[in-house]
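Data block below; observations after.
2 protein chains.
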Amino acid sequence: MTTTLADCRALDAQDPLRTLRDQFTLPEGVLYLDGNSLGVLPKAAPARIAEVVAKEWGEGLIRSWNTASWFDLPQRLGDKVARLIGAAPGEVVCTDSTSVNLYKVLFAALSQQKAEEAPGRSQASSPPSGDGLGVPSPGGSQSRRKLVVSERSNFPTDLYIAESLCRERGFTLKLIDASELATALTDEVAVLMLTHVNYRTGAMHDMKAVTAAAHAVGALTVWDLAHSAGAVPVALNDSDADYAIGCGYKYLNGGPGAPAFAWVNTKHAGQFEQPLSGWWGHAAPFEFTPHYRPAPGVGRYLCGTQPVIALAGLECGLDTVLAAEAFNGTGGAMAALRTKSLALTDLFIRLVEERCAGQGLSLVTPRDHAQRGSQVCLSREEGAYAIVQALIARGVIGDYRAGDSQMPDILRFGFTPLYVGFEDVWHSVEHLVQVLETGEWRRAEFNRKNAVT
Amino acid sequence: MTTTLADCRALDAQDPLRTLRDQFTLPEGVLYLDGNSLGVLPKAAPARIAEVVAKEWGEGLIRSWNTASWFDLPQRLGDKVARLIGAAPGEVVCTDSTSVNLYKVLFAALSQQKAEEAPGRSQASSPPSGDGLGVPSPGGSQSRRKLVVSERSNFPTDLYIAESLCRERGFTLKLIDASELATALTDEVAVLMLTHVNYRTGAMHDMKAVTAAAHAVGALTVWDLAHSAGAVPVALNDSDADYAIGCGYKYLNGGPGAPAFAWVNTKHAGQFEQPLSGWWGHAAPFEFTPHYRPAPGVGRYLCGTQPVIALAGLECGLDTVLAAEAFNGTGGAMAALRTKSLALTDLFIRLVEERCAGQGLSLVTPRDHAQRGSQVCLSREEGAYAIVQALIARGVIGDYRAGDSQMPDILRFGFTPLYVGFEDVWHSVEHLVQVLETGEWRRAEFNRKNAVT
Numbered sequence: 004m005t006t007t008l009a010d011c012r013a014l015d016a017q018d019p020l021r022t023l024r025d026q027f028t029l030p031e032g033v034l035y036l037d038g039n040s041l042g043v044l045p046k047a048a049p050a051r052i053a054e055v056v057a058k059e060w061g062e063g064l065i066r067s068w069n070t071a072s073w074f075d076l077p078q079r080l081g082d083k084v085a086r087l088i089g090a091a092p093g094e095v096v097c098t099d100s101t102s103v104n105l106y107k108v109l110f111a112a113l114s115q116q117k118a119e120e121a122p123g124r125s126q127a128s129s130p131p132s133g134d135g136l137g138v139p140s141p142g143g144s145q146s147r148r149k150l151v152v153s154e155r156s157n158f159p160t161d162l163y164i165a166e167s168l169c170r171e172r173g174f175t176l177k178l179i180d181a182s183e184l185a186t187a188l189t190d191e192v193a194v195l196m197l198t199h200v201n202y203r204t205g206a207m208h209d210m211k212a213v214t215a216a217a218h219a220v221g222a223l224t225v226w227d228l229a230h231s232a233g234a235v236p237v238a239l240n241d242s243d244a245d246y247a248i249g250c251g252y253k254y255l256n257g258g259p260g261a262p263a264f265a266w267v268n269t270k271h272a273g274q275f276e277q278p279l280s281g282w283w284g285h286a287a288p289f290e291f292t293p294h295y296r297p298a299p300g301v302g303r304y305l306c307g308t309q310p311v312i313a314l315a316g317l318e319c320g321l322d323t324v325l326a327a328e329a330f331n332g333t334g335g336a337m338a339a340l341r342t343k344s345l346a347l348t349d350l351f352i353r354l355v356e357e358r359c360a361g362q363g364l365s366l367v368t369p370r371d372h373a374q375r376g377s378q379v380c381l382s383r384e385e386g387a388y389a390i391v392q393a394l395i396a397r398g399v400i401g402d403y404r405a406g407d408s409q410m411p412d413i414l415r416f417g418f419t420p421l422y423v424g425f426e427d428v429w430h431s432v433e434h435l436v437q438v439l440e441t442g443e444w445r446r447a448e449f450n451r452k453n454a455v456t
Numbered sequence: 004m005t006t007t008l009a010d011c012r013a014l015d016a017q018d019p020l021r022t023l024r025d026q027f028t029l030p031e032g033v034l035y036l037d038g039n040s041l042g043v044l045p046k047a048a049p050a051r052i053a054e055v056v057a058k059e060w061g062e063g064l065i066r067s068w069n070t071a072s073w074f075d076l077p078q079r080l081g082d083k084v085a086r087l088i089g090a091a092p093g094e095v096v097c098t099d100s101t102s103v104n105l106y107k108v109l110f111a112a113l114s115q116q117k118a119e120e121a122p123g124r125s126q127a128s129s130p131p132s133g134d135g136l137g138v139p140s141p142g143g144s145q146s147r148r149k150l151v152v153s154e155r156s157n158f159p160t161d162l163y164i165a166e167s168l169c170r171e172r173g174f175t176l177k178l179i180d181a182s183e184l185a186t187a188l189t190d191e192v193a194v195l196m197l198t199h200v201n202y203r204t205g206a207m208h209d210m211k212a213v214t215a216a217a218h219a220v221g222a223l224t225v226w227d228l229a230h231s232a233g234a235v236p237v238a239l240n241d242s243d244a245d246y247a248i249g250c251g252y253k254y255l256n257g258g259p260g261a262p263a264f265a266w267v268n269t270k271h272a273g274q275f276e277q278p279l280s281g282w283w284g285h286a287a288p289f290e291f292t293p294h295y296r297p298a299p300g301v302g303r304y305l306c307g308t309q310p311v312i313a314l315a316g317l318e319c320g321l322d323t324v325l326a327a328e329a330f331n332g333t334g335g336a337m338a339a340l341r342t343k344s345l346a347l348t349d350l351f352i353r354l355v356e357e358r359c360a361g362q363g364l365s366l367v368t369p370r371d372h373a374q375r376g377s378q379v380c381l382s383r384e385e386g387a388y389a390i391v392q393a394l395i396a397r398g399v400i401g402d403y404r405a406g407d408s409q410m411p412d413i414l415r416f417g418f419t420p421l422y423v424g425f426e427d428v429w430h431s432v433e434h435l436v437q438v439l440e441t442g443e444w445r446r447a448e449f450n451r452k453n454a455v456t
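Protein chains in written order, with this note's numbering: chain A, 4 to 456; chain B, 4 to 456.
As structure tokens, this is what we get:
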């Protein structure tokens, strides 16, 4: 028996999380399946941002550093993120961009490996030596651990940062396919840098198993949680991960270009300095001393003055996700959201298979729940870009990602369980059916190919 | 004949820039002399920020990358900054924090010096070799130019970043007093890193002369314009400076933690990569290629996704300064503002000398216009902190900076000519007189020293 619109409505009617959707302003006529690019606007955000602008900036002016506790923002918001990624209070800061944070943590991880191989230190668990700053003098080292391993299909900006840092710090970036992970993990690997949920395929790594495998060969792990935080349960401490960073404007709904976050395992946090040693990461930032002394713990991962207004937007976004905690006393917000997320992506896959058979679509995202993020990607030999454009013209917003030698072009659909409903899934697939069956996408394809430029 | 309140009112009445003040929301009962810490709120900002939040984020969602031209923001705003610092369109980007930007440009300058000393390259004007990325492999170099020279009294975060980069890149940070500059410039100096206007004293360097002296020994210059942009005329290209960065939330009125800016001399801009090689600085950012290829020119100084809402605030701030262009057809905004700025600081100095004689205050800021920023600092052996607190309690907002071995504690007053008037100067000094003559500050001092903690 095939799935019907009535079935989808029944799922919405039974959905215990349905009211969470009321936290958002969703544009009229839009079915938004792109929360993995930019989350939607929380209803609370305009008023809160206006308050920060008019009151904290306009009236409080410089006094708001004290009266509005601006200095606490990165750590106070970090504590909220911690509840979503299996971390503890005091372990996360919200700051800078994802790329900048990746630079900091990858630098720290590489410095840690160099320090552990320095003469006279043979134990993998030894603390860093010397001035406690953990930045070895450049060059001269005949390090055994010379590789940073990552996936060829990792998000490009992660690879760009790693490429630059490897060249700078004397490491080699080795790119592999996920299937080669087991064989790639050798005792030459200094750092395994992975994105937990792949941006293009939606495939999810088993963080605990992969981290254990990395640790077994003495490698440290750096996890990018851009498509995980707010999307799937993450258990950083339970996985004994080493470093992690993530994005504030996707599933965390923090607004365009919202500050990102960084997490460091407590066992590393107080030991290594990252090189972006600005005033906000100083142990005594208001003493204006001429020499840098890193703050204890993750506080040293802060650098310059943070965008206060943008942080206010991020906090509104974080609160929309944390509201799901009310629906699951023991498992936290993400356990409740995960159940719905899987139901949404299962439904989408089932409807596409029932209604788009023979239309040339292939399922890219794993069927196995344990390997799936909160998105579904379809590939097609022809017209993927044009189909996405035709859907957007109809108000169904997903996005397109180019294929490569291993895979045709991709149609990507993100399902944020906070605001996407089951009936939305039905209508999205209905539009997809119509775009494919009417050949309406061919007009978009014609226009693209024949555009007068 | 001493200066009177009526004299000050007359100066306001004659002030051609008086209407520029109407661009701002100034809190009731506040005399704000701290625009060098955080500029005041432009009246246009709340509505513009609300529009970005509700329309661009809320309604446009991911489509706003195209429809609202988010991708152009850092360079479009950079072009506005360029008009204030003697730079050309396309030479400036607004992005990240001042500290992060300093890391980028100082790294680039140090890499440039290393590349120029690499084997086979003896001419100081040679372009970088190899892959054009300018990041030499670490270590092994017996560089003649091993020093980064800066002022001991430079803003601490600048010194922290330099300290970290020097250790990382194999250079030595040498801190001097401004008076030692001439002798410190030797052919061992790779980079001279200075803040144009000192944050604590208000003393201003002669950028052109200092740059020429640095170039004469083969050093590159990195200028921090945090207390210059929007405060004093800056002529980067005319001075043939090499690299510069600056702050968006002080005299540019961009809001708390507003994005900062970076400028690179066109002759260097296309040659060197900075290590924060994120997607936004890629030559083809939307192609998602796995390898980094830096954008031409200053675009490569962008890294990750920028805070769109914060950039909207910064643009409103920039527009308040650029509004002064209407008052000086040939000299630009800063020429008009400089005339008023000097009149304000001259008046403040004169009133303090006329009315606070014998109160133990010393003038820290240079009397010479050519050496003065847009602030006036006074020092006092006793009670500086308490006096500033007593003034703030009266609504006169300046700030306190601790002294050192060379100078007692400091009372710092910033004069943003856009919104500070001559009568404001009168009343500020009147409050200072009362705080000193009544000894009212001693109560604050008593409370500070005897606080129950």
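Idealized CB from N, CA, C, for every residue including glycine.
Q | Amino acids of chain A, ordered along the chain, whose beta-carbon sits closer than 8 Å to that of residue 261 of chain B | A | As a working note, residue 261 of chain B is residue 258 in the second sequence. In chain order: 310.
Whole-angstrom Cβ separation of residue 378 of chain B and residue 415 of chain B, contact assumed at under 8 Å? The residue labelled residue 378 of chain B in the question sits at position 375 within the second sequence. The residue labelled residue 415 of chain B in the question sits at position 412 within the second sequence. In this structure residue 378 of chain B is in contact with residue 415 of chain B, their Cβ atoms being roughly 6 Å apart against a cut-off of 8 Å.
Which residues mark the beginning and the end of the beta strand (DSSP E) in which residue 414 of chain A is found? Numbered from 1 along the first sequence, position 411 holds the residue referred to as residue 414 of chain A. For residue 414 of chain A, the enclosing beta strand (DSSP E) covers residues 412 to 417.
Best match in B/221, B/8 and B/425 for proximity to residue 462 of chain B [C-alpha to C-alpha]:
Since the first residue shown for chain B is 4 and the last is 456, residue 462 of chain B is missing from the structure and cannot be characterised.
TODO: Return helix, strand or coil for residue 370 of chain A, following the three-state DSSP convention.
DONE: As a working mapping, residue 370 of chain A is identified with position 367 in the first sequence. Note: residue 370 of chain A maps to coil in three-state DSSP.
Taking C-beta pairs closer than 7 Å, name the residues in chain A that residue 306 of chain B reaches, listed in chain order. Within the second sequence, the letter at position 303 stands for residue 306 of chain B. In chain order: 100, 102 and 103.
Spatial neighbours of residue 189 of chain B in its chain, beta-carbon cut-off 7 Å, leaving aside the 5 residues before and after
Here residue 189 of chain B corresponds to residue number 186 of the second sequence, with the count starting at 1. Within the same chain, Cβ atoms closer than 7 Å to the Cβ of residue 189 of chain B are found at 220, the five residues on either side in sequence being excluded.
Item to complete: May I ask you to report which of helix, strand or coil DSSP gives residue 280 of chain A?
Response: Residue mapping note: residue 280 of chain A aligns to position 277 of the first sequence, counting from 1. Residue state, collapsed to three classes: coil.
Quiz prompt | Cβ contact check for the region 228 to 243 of chain A and the region 400 to 414 of chain A: 3 or more pairs under 8 Å | solution = Touching, no.
Original post:
Taking C-beta to C-beta, are residue 245 of chain B and residue 269 of chain B nearer than 8 Å?
Top reply: On the second sequence, residue 245 of chain B is found 242 positions in, with the first residue counted as 1. On the second sequence, residue 269 of chain B is found 266 positions in, with the first residue counted as 1. For residue 245 of chain B and residue 269 of chain B, no; Cβs fall outside 8 Å.
Who does residue 285 of chain B pair with in a DSSP beta bridge? The sequence position of residue 285 of chain B within the second sequence is 282, counting from 1. B/297, per the DSSP bridge assignment.
Give a yes or no on whether the minimum CB-CB distance between residue 205 of chain B and chain A is below 8 Å. Locating residue 205 of chain B in the second sequence gives position 202, counting from the first residue. Not closer than 8 Å to any Cβ of chain A, the Cβ of residue 205 of chain B fails to qualify, so no.
Residue 160 of chain B touches chain A at which residues, Cβ-Cβ below 7 Å?
Taking the second sequence and counting its residues from 1, one reaches residue 160 of chain B at position 157. The contacting residues are 281, 282 and 307.
| request: Within the region 30 to 66 of chain A, note down every full alpha helix (DSSP H) run reaching 4 residues or more, in order along the chain. | output: Every unbroken stretch of the alpha helix (DSSP H) spanning 4 or more residues and falling wholly within the region 30 to 66 of chain A is given here in chain order: 47 to 54.
### Message
Can you pull the chain B neighbours of residue 285 of chain A, defined as C-beta to C-beta under 7 Å?
### Response
Looking up residue 285 of chain A in the first sequence gives position 282. Neighbours of residue 285 of chain A on chain B, chain order: 163.
Checklist entry - Are any of the Cβ atoms in chain B nearer than 8 Å to that of residue 69 of chain A? => result Along the first sequence, read from residue 1 onward, the residue named residue 69 of chain A stands at position 66. Chain B contact via Cβ: absent.
**Message:** Classify residue 263 of chain B: buried if its beta carbon has 16 or more other beta carbons within 10 angstroms, exposed otherwise.
**Reply:** Position 260 of the second sequence, counted from the start, is the residue given in the question as residue 263 of chain B. Counting every other CB atom within 10 Å of its CB across the protein chains shown gives residue 263 of chain B a total of 16 or more, marking it as buried.
(message) Our contact map puts residue 311 of chain B next to residue 421 of chain B with C-beta atoms below 8 Å; I'd like the distance itself, whole angstroms only.
(response) By 1-based counting over the second sequence, the position of residue 311 of chain B is 308. By 1-based counting over the second sequence, the position of residue 421 of chain B is 418. Not really, about 25 Å apart at Cβ, beyond 8 Å.
Measuring alpha carbon to alpha carbon, tell me which residue in A/21, A/76, A/31 and A/93 is nearest residue 63 of chain B. Counted from its first residue, the second sequence places residue 63 of chain B at position 60. Looking at the Cα atoms, A/31 is the closest of the given residues.
**Prompt:** From residue 298 of chain B to residue 393 of chain B, what distance separates their C-alpha atoms?
**Reply:** Locating residue 298 of chain B in the second sequence gives position 295, counting from the first residue. Locating residue 393 of chain B in the second sequence gives position 390, counting from the first residue. In this structure, the CA atom of residue 298 of chain B is about 51 Å from the CA atom of residue 393 of chain B.
If I follow the unbroken beta strand (DSSP E) through residue 253 of chain A, where does it start and stop? For this step, residue 253 of chain A is matched to residue 250 along the first sequence. That residue, residue 253 of chain A, is in no beta strand (DSSP E); it is neither H nor E in DSSP.
- Message: Contact criterion: CB-CB distance below 8 Å. Does residue 28 of chain B meet it with respect to chain A?
- Response: To locate residue 28 of chain B, count along the second sequence from 1; it is residue 25. Interface residue, yes.
### Task
Starting from residue 322 of chain A, follow its DSSP beta bridges and name the residues at the other end.
Within the first sequence, the letter at position 319 stands for residue 322 of chain A. According to DSSP, residue pairing for residue 322 of chain A in a beta bridge does not occur.
When we look at the beta-carbon of residue 341 of chain A and count the other beta-carbons within 10 Å, is it buried (16 or more) or exposed?
On the first sequence, position 338 is the one that residue 341 of chain A refers to. Around the beta carbon of residue 341 of chain A, a 10 Å sphere encloses 16 or more other beta carbons of the protein chains shown; the residue is thus reported as buried.
Extent of the continuous alpha helix (DSSP H) run through residue 188 of chain A: Against the first sequence, residue 188 of chain A aligns to sequence position 185. The continuous stretches of alpha helix (DSSP H) do not include residue 188 of chain A, and DSSP gives it neither H nor E.
So, with DSSP's three-state summary, where would you put residue 229 of chain A?
On the first sequence, residue 229 of chain A is found 226 positions in, with the first residue counted as 1. DSSP, read as helix, strand or coil, puts residue 229 of chain A in coil.
* Asked: Should residue 455 of chain B be labelled buried (16 or more other beta-carbon atoms within 10 Å of its own) or exposed?
  -> Within the second sequence, residue 455 of chain B is the residue found at index 452, counting from 1. Flag for residue 455 of chain B reads exposed.
In this structure, does DSSP put residue 422 of chain A in helix, strand or coil?
-> Looking up residue 422 of chain A in the first sequence gives position 419. Under the three-state reduction of DSSP, residue 422 of chain A is assigned to coil, being neither helix nor strand.
Alpha carbon to alpha carbon, what distance is there between residue 305 of chain B and residue 279 of chain B?
One-based indexing of the second sequence puts residue 279 of chain B at position 276. One-based indexing of the second sequence puts residue 305 of chain B at position 302. Approximately 8 Å, taken between the alpha carbons.
| request: Kindly indicate if chain B contains any beta-carbon less than 8 Å away from that of residue 155 of chain A. | output: The sequence position of residue 155 of chain A within the first sequence is 152, counting from 1. For residue 155 of chain A, the closest Cβ of chain B is nearer than 8 Å.
Q.
Taking CB distances under 8 Å as the criterion, tell me whether residue 152 of chain B reaches chain A.
A. The count along the second sequence starts at 1 and reaches residue 152 of chain B at position 149. With 8 Å as the cut-off, residue 152 of chain B does not count as an interface residue toward chain A.
Classify residue 339 of chain A as helix, strand or coil using the three-state DSSP reduction.
-> The residue given as residue 339 of chain A occupies position 336 in the first sequence. If DSSP states are grouped into helix, strand and coil, residue 339 of chain A belongs with the helices.
Boundaries of the beta strand (DSSP E) in which residue 103 of chain B is found, first to last residue: Walking along the second sequence from the start, residue 103 of chain B turns up at place 100. Where residue 103 of chain B is concerned, there is no enclosing beta strand (DSSP E), although the alpha helix (DSSP H) it sits in stretches over 101 to 119.
### Query
Closer than 8 Å, CB to CB, is residue 65 of chain B near chain A or not?
Numbered from its first residue, the second sequence carries residue 65 of chain B at position 62. Judged by the 8 Å Cβ criterion, residue 65 of chain B is in contact with chain A.
If you draw a straight line from the alpha carbon of residue 316 of chain A to that of residue 389 of chain B, how long is it in whole angstroms?
Position 313 of the first sequence, counted from the first residue, corresponds to residue 316 of chain A. Position 386 of the second sequence, counted from the first residue, corresponds to residue 389 of chain B. Going from the Cα of residue 316 of chain A to the Cα of residue 389 of chain B covers about 36 Å.
Worksheet item: Is DSSP giving residue 364 of chain A helix, strand or coil here?
Response: Within the first sequence, the letter at position 361 stands for residue 364 of chain A. Coil.
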